[in-house]
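**Q** So the number in my numbering is just where the residue sits in the sequence shown, counting from 1, plus 5.
Idealized CB from N, CA, C, for every residue including glycine.
It should be emphasised that the depicted structure is a prediction, and the values quoted were computed from it without experimental measurement.
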Amino acid sequence: MYCIHCGRKLPEDGSVCACGNLQPGQNVPAEPQAAAPVEVPAPAISAAQPAQAPAYAQQPAPYGQPYTDTYQPQNPYAQPYVQNPYAPRAAYPYQPAQQARPFATACAAVKSLAASPLFLIGTIFVSLGFLLSLISAFIPVNYARLFSMLPPEVYYALDFSDLQYQLYMLQDGSVLTAFLFQLPGLILSALAVAGLWMTFASGKSGSSPTLKTSGLTILKVLQVFSVVGYAVLALLLVILLVIVLVTAVSASGVYDFIGAAMATLAVILLALLAVIALLIVYSAKVIGSINAAKAAAAGSAMLKKASMFVAVLGFLMAGYALIDLYGTVVFSGWLAALRNACTAGAQIVFGICIIQFNKRVASLRTPSAM
6 MYCIHCGRKL PEDGSVCACG NLQPGQNVPA EPQAAAPVEV PAPAISAAQP
56 AQAPAYAQQP APYGQPYTDT YQPQNPYAQP YVQNPYAPRA AYPYQPAQQA
106 RPFATACAAV KSLAASPLFL IGTIFVSLGF LLSLISAFIP VNYARLFSML
156 PPEVYYALDF SDLQYQLYML QDGSVLTAFL FQLPGLILSA LAVAGLWMTF
206 ASGKSGSSPT LKTSGLTILK VLQVFSVVGY AVLALLLVIL LVIVLVTAVS
256 ASGVYDFIGA AMATLAVILL ALLAVIALLI VYSAKVIGSI NAAKAAAAGS
306 AMLKKASMFV AVLGFLMAGY ALIDLYGTVV FSGWLAALRN ACTAGAQIVF
356 GICIIQFNKR VASLRTPSAM
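(1) Within 8 Å, do at least three Cβ pairs link the segment 295 to 314 to the segment 262 to 279?
(2) Measure the alpha-carbon distance for C358 versus F130 and round it to whole angstroms.
(3) Going by CA-CA distance only, name the one from A342, L327 and I328 that's closest to V334.
(4) At the level of alpha carbons, what is the spacing between S210 and V272?
(5) Using the Cα positions of I353 and L275, report the straight-line distance between them to the nearest angstrom.
(6) Starting from Q28, trace the alpha helix (DSSP H) both ways and give me its first and last residue.
(7) Ignore the nearest five residues each way along the sequence and tell me which others in F404's own chain have a CB closer than 8 Å to its CB.
(8) Return the residue from the list V198, L340, L308 and S255 that minimises the CA-CA distance to T110.
(9) Which whole-angstrom value describes the C-beta separation of V243 and M267, a residue pair presumed to lie in contact below a C-beta threshold of 8 Å?
(10) Quick one: using the 10 Å Cβ neighbour count with 16 as the cut-off for buried, is R13 buried or exposed?
(11) Quick one: using the 10 Å Cβ neighbour count with 16 as the cut-off for buried, is L185 buried or exposed?
(12) Exposed or buried, Q31, counting other C-beta atoms within 10 Å across all chains shown (16 or more means buried)?
(13) T215 lies in the alpha helix (DSSP H); which residues open and close that run?
(14) Please report the straight-line C-alpha distance between F205 and L118, rounded to a whole angstrom.
(15) Nearest to A367 by alpha carbon, out of Y325, K310, N345 and V317?
(16) In its own chain, which residues sit with a C-beta less than 8 Å from the C-beta of M203, not counting the 5 before and 5 after it?
(17) Got a sec? Which residues, its chain only, sit under 8 Å from N363 by beta carbon, not counting five neighbours each side?
(18) So what does DSSP say about K14, is it helix, strand or coil?
(19) For V233 versus A289, is the C-beta spacing smaller than 8 Å?
(20) Please report the Cβ distance between A316 and I360, rounded to the nearest whole angstrom; I am assuming they are in contact, meaning their Cβ atoms lie under 8 Å.
(21) Look at the alpha carbon of A114 and the alpha carbon of L245, and state the distance between them as a whole number of angstroms.
(22) What first and last residue would you give for the alpha helix (DSSP H) that runs through M322?
(23) Out of curiosity, what's the CA-to-CA distance linking L201 and S337?
(24) Report buried or exposed for T128, applying the criterion of at least 16 other Cβ atoms within 10 angstroms of its Cβ.
(25) By a C-beta neighbour count over all protein chains shown, 10 Å radius and 16 as the cutoff for buried, is S207 buried or exposed?
(26) Could you give the residue range of the alpha helix (DSSP H) that holds I140?
(27) T348: which of S138, T252 and P16 sits nearest, CA to CA?
(28) What is the rounded straight-line gap between the Cα of K299 and the Cα of S255?
Here it is as structure tokens:
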């Protein structure tokens, strides 16, 4: 359709022509009325005013849209600390805390020491000493040879006839009896050799990064048995010492020679008690050193050093055994001398192992473990 006034084409929605004139039958469109403003009553003066919302407060999200938190507070700890190079330095500058050593470091150090050639040499020395002891158990002692080595004046001045007869009878006894008498000591020595070889085999094994402590446990149990045996022997010596002292007091003034002999015997017993006490302390220190090695093998954070008392006393005993080799050859034979030499070599080697262990522990200990 076209406008009858201007000839333009009328809009299809029925609105008024652009010229503003109405067509026949077209009504005037109604004007939209504006909505009346809503009056909000002012709050009373006595009423508490709400706190003003902070500037970063989140505005309510429009209906139908998800809520998103746009406020991100500044975190002063999010960025790594960088020291100002131009800041004045204090008398004691800040030192970062020392990081703890990883678990595998201590285990690898002990495992490498157990697999070292030094530990292998000590194990071989102990094994050779056990083998020589086993051979010596089947060879009876030649007591006649021992008497022949005495000086003639001593041999004829003292009456050895009865004692020599008893020793000849003991020498003529069966070899099996002598072997059974030495069997408990041989069993303990065999267990010690087995424990050392188990420790070395675990150190050389590549199947596990840690050192198995079963061999160390065997050695620890043997040392516990040694402490118990030394304690029982010390108790017997104390009882014997009391008897000797009572006898010496009773014989004084009546039998002077008996009192003098008892006094000499008491001094000897006191010296033996001192030696046994030293051996008990030595075995206790060995147990502590084995515990330190087991703790390091388990990766404990509280690493402890082995006892240097064990190493020093081992060096002293090895030196005495080496000095006394000639006397051992003369009175006990070549097998006993070789056995003592192997024992001395093992004591020296394992003393060096203790020193090496302490050096590695000193490099691995953290401030919390010191």
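**A** Short version:
(1) no
(2) 14 Å
(3) A342
(4) In a straight line, the C-alpha of S210 is about 52 Å away from that of V272.
(5) 29 Å
(6) Unbroken run through Q28: none, as it is neither H nor E.
(7) Since the first residue of the chain shown is 6 and the last is 375, residue 404 is not available in this structure.
(8) L308
(9) Rounded, the Cβ-Cβ distance is 16 Å, inconsistent with contact.
(10) exposed
(11) The residue in question, L185, is exposed, as its Cβ has fewer than 16 Cβ neighbours within 10 Å.
(12) It is exposed - the Cβ of Q31 has fewer than 16 other Cβ atoms within 10 Å.
(13) Taken as a continuous stretch (DSSP letters only), T215 belongs to no alpha helix (DSSP H), as it is neither H nor E.
(14) 9 Å
(15) K310
(16) K217, S219, G220 and I223
(17) K310, A311 and M313
(18) Note: K14 maps to strand in three-state DSSP.
(19) Taking 8 Å as the Cβ cut-off, V233 and A289 do not qualify as a contacting pair.
(20) 6 Å
(21) 49 Å
(22) M313 to I328
(23) 28 Å
(24) With 16 or more Cβ atoms within 10 Å of its Cβ, T128 is classed as buried.
(25) buried
(26) P122 to S141
(27) With distances taken between Cα atoms, T348 lies closest to S138.
(28) 54 Å
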